[in-house]
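So the structure is just underneath, and the comments pick up after that.
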Amino acid sequence: MIKTLTIDIGGSGIKALVLDEQGEPLGERDRIKTPQPATPDAVMAVITQLASQQGDFDRVSVGFPGVVRQGIIYTAVNLHPDWHAYDLAQQLTARLGKPVRVANDADLQGMGAISGKGVEMVITLGTGFGTALFTDGHLVANLEFGHQRFRKGQTYEEQLGRAALKSVGPTVWNNRLLKAIAALSHGFNYDRLYLGGGEVKQIEVELPENVTIVSNVLGLIGGIKLWA
Ligand code: BGC
């Protein structure tokens, strides 16, 4: 059996889980707080620790909260500027001695959540505001729509990221979320929107019929899809 260690790097926590070939968890999810400052060295040390705690695995999938191409990091707004141009796949392979594939965290979450039919959009509500778009199961792009202008001169992430939730409180944040869903629905005309990420537990409003809340664990389960 091929075992895949999946790592989800977030702004507040780094999570790990080993999956079998079907994407079924083989053990318990592990989480260590994201070190501050979240430099590559500090985060790599946490990943190495999580990997040793998870035991046996043959390959590694990583969800990263920024722009990533061919394993190389381009942006990491909620981690640290030193991530720019960091070859995460190569560095992690050197440390763990296993093949590594890296994708944007929202894209990975999406791969675990979507049905593969029609236009499907994914939003992650955590430290940042992650976005992913799929048509018939194919990823359209590393979208980064969270940094687009939303309302009142602010981006989606500035209005709906964890910092905003803390400062305006859940009621205002929930109303903003409904406005964001309406804007994204008009802009992308998706068949279904999935909401993931650690802060979905704060949702207390009724959502449109074509919007589904998904488990944050899918951010890890999606890791199996990088090897399909
Ligand atoms: C990053 C995205 C990421 C999102 C959620 C944003 O700040 O730019 O790449 O998907 O946060 O972590």
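The sequence shown runs 1347 to 1574 under my numbering.
C-beta atoms are modelled at their ideal positions from N, C-alpha and C, and glycine is treated no differently.
1) Within its chain, find whatever has a CB closer than 6 Å to the CB of Ala1388; leave out the 5 residues flanking it on each side and keep chain order.
2) Assuming Gly1456 contacts Tyr1536 (C-beta within less than 8 Å), just tell me the rounded distance between them.
3) Measuring straight from C-alpha to C-alpha, what distance separates Glu1550 and Leu1524?
4) Note down, in chain order, each residue of its chain lying with its Cβ closer than 7 Å to the Cβ of Trp1429, except the 5 sequence neighbours on either side.
5) Around the Cβ of Val1406, are there at least 16 other Cβ atoms within 10 angstroms (buried) or fewer (exposed)?
6) Any contact between the region 1477-1494 and the region 1370-1378? By contact I mean 3 or more CB pairs, one from each, below 8 Å.
7) Ends of the beta strand (DSSP E) at Met1467?
8) Verify whether the separation of the beta carbon atoms of Gly1569 and Leu1454 is less than 8 Å.
9) Near Thr1558, which residues of its chain fall below 6 Å by C-beta distance, leaving aside the five closest residues on each side in sequence?
10) Would you tell me roughly how many angstroms separate the C-alpha atoms of Val1446 and Leu1438, rounded to the nearest one?
11) Taking 7 Å as the cut-off, is the C-beta of His1532 nearer than that to any heavy atom in ligand 1?
12) Note down the Cα distance separating Glu1504 from Ala1510, rounded to an integer number of angstroms.
13) Is there at least one non-hydrogen atom of ligand 1 closer than 7 Å to the beta-carbon of Pro1411?
14) How long is the line joining the alpha carbons of Ala1449 and Leu1566, rounded to whole angstroms?
15) Going by the C-beta, is Thr1380 closer than 7 Å to any heavy atom of ligand 1?
16) If we call anything under 8 Å between Cβ atoms a contact, is Ala1529 one with Phe1475?
17) Taking Cβ positions, are Asp1402 and Lys1444 nearer each other than 8 Å?
18) State the DSSP-derived secondary structure class of Ser1589, mapped to helix, strand or coil.
19) If you measure from the CB of Asn1424, is any heavy atom of ligand 1 nearer than 7 Å?
20) What distance in whole Å lies between the Cβ atoms of Gly1373 and Gln1400, which are believed to be in contact at a cut-off of 8 Å?
21) Ends of the alpha helix (DSSP H) at Ile1527?
Based on what the coordinates show:
1) Here residue 1388 refers to the residue found at position 42 of the sequence shown. Correct list, in chain order: Pro1381.
2) Here residue 1456 refers to the residue found at position 110 of the sequence shown. Here residue 1536 refers to the residue found at position 190 of the sequence shown. Gly1456 to Tyr1536, Cβ: 11 Å. No contact.
3) Walking along the sequence shown from the start, residue 1550 turns up at place 204. Walking along the sequence shown from the start, residue 1524 turns up at place 178. Going by the C-alpha atoms only, they are around 11 Å apart.
4) By 1-based counting over the sequence shown, the position of residue 1429 is 83. Once the five neighbours on either side are set aside, the close Cβ partners of Trp1429 are Pro1386, Gly1412, Ile1419 and Ala1422.
5) Translated into the one-based positions of the sequence shown, residue 1406 becomes position 60. The residue in question, Val1406, is buried, as its Cβ has 16 or more Cβ neighbours within 10 Å.
6) no
7) Within the sequence shown, residue 1467 is the residue found at index 121, counting from 1. That run of the beta strand (DSSP E) goes Val1465 to Leu1471.
8) By one-based count along the sequence shown, residue 1569 stands at place 223. By one-based count along the sequence shown, residue 1454 stands at place 108. In contact: Gly1569 and Leu1454 (Cβ atoms closer than 8 Å).
9) Sequence index remark: in the sequence shown, residue 1558 carries index 212 (1-based). Tyr1540.
10) Position 100 of the sequence shown, counted from the start, is the residue given in the question as residue 1446. Position 92 of the sequence shown, counted from the start, is the residue given in the question as residue 1438. Each residue's alpha carbon lies about 7 Å from the other.
11) The residue you call residue 1532 lines up with position 186 of the sequence shown. No; taking the cut-off as 7 Å, the Cβ of His1532 has no heavy atom of ligand 1 nearer than that.
12) By one-based count along the sequence shown, residue 1504 stands at place 158. By one-based count along the sequence shown, residue 1510 stands at place 164. One C-alpha to the other measures close to 6 Å.
13) Indexing the sequence shown from 1 puts residue 1411 at position 65. Yes; taking the cut-off as 7 Å, the Cβ of Pro1411 has a heavy atom of ligand 1 nearer than that.
14) The count along the sequence shown starts at 1 and reaches residue 1449 at position 103. The count along the sequence shown starts at 1 and reaches residue 1566 at position 220. Each residue's Cα considered, the two are about 11 Å apart.
15) Numbered from its first residue, the sequence shown carries residue 1380 at position 34. For ligand 1, not one heavy atom lies less than 7 Å from the Cβ of Thr1380.
16) As a first step, residue 1529 must be located in the sequence shown, where it is residue number 183. As a first step, residue 1475 must be located in the sequence shown, where it is residue number 129. No; because the gap between Cβ atoms is not below 8 Å, this pair is not in contact.
17) Start at 1 with the first residue of the sequence shown, and residue 1402 comes out as number 56. Start at 1 with the first residue of the sequence shown, and residue 1444 comes out as number 98. No.
18) The requested residue 1589 is not part of the displayed model; the chain covers only 1347 to 1574.
19) Reading the sequence shown from its first residue, position 78 is the one you call residue 1424. Correct: Asn1424 has its Cβ closer than 7 Å to ligand 1.
20) Within the sequence shown, the letter at position 54 stands for residue 1400. Within the sequence shown, the letter at position 27 stands for residue 1373. Right, their Cβ atoms sit about 6 Å apart.
21) Residue 1527 sits at position 181 when you count from the first residue of the sequence shown. That run of the alpha helix (DSSP H) goes Arg1508 to Phe1534.
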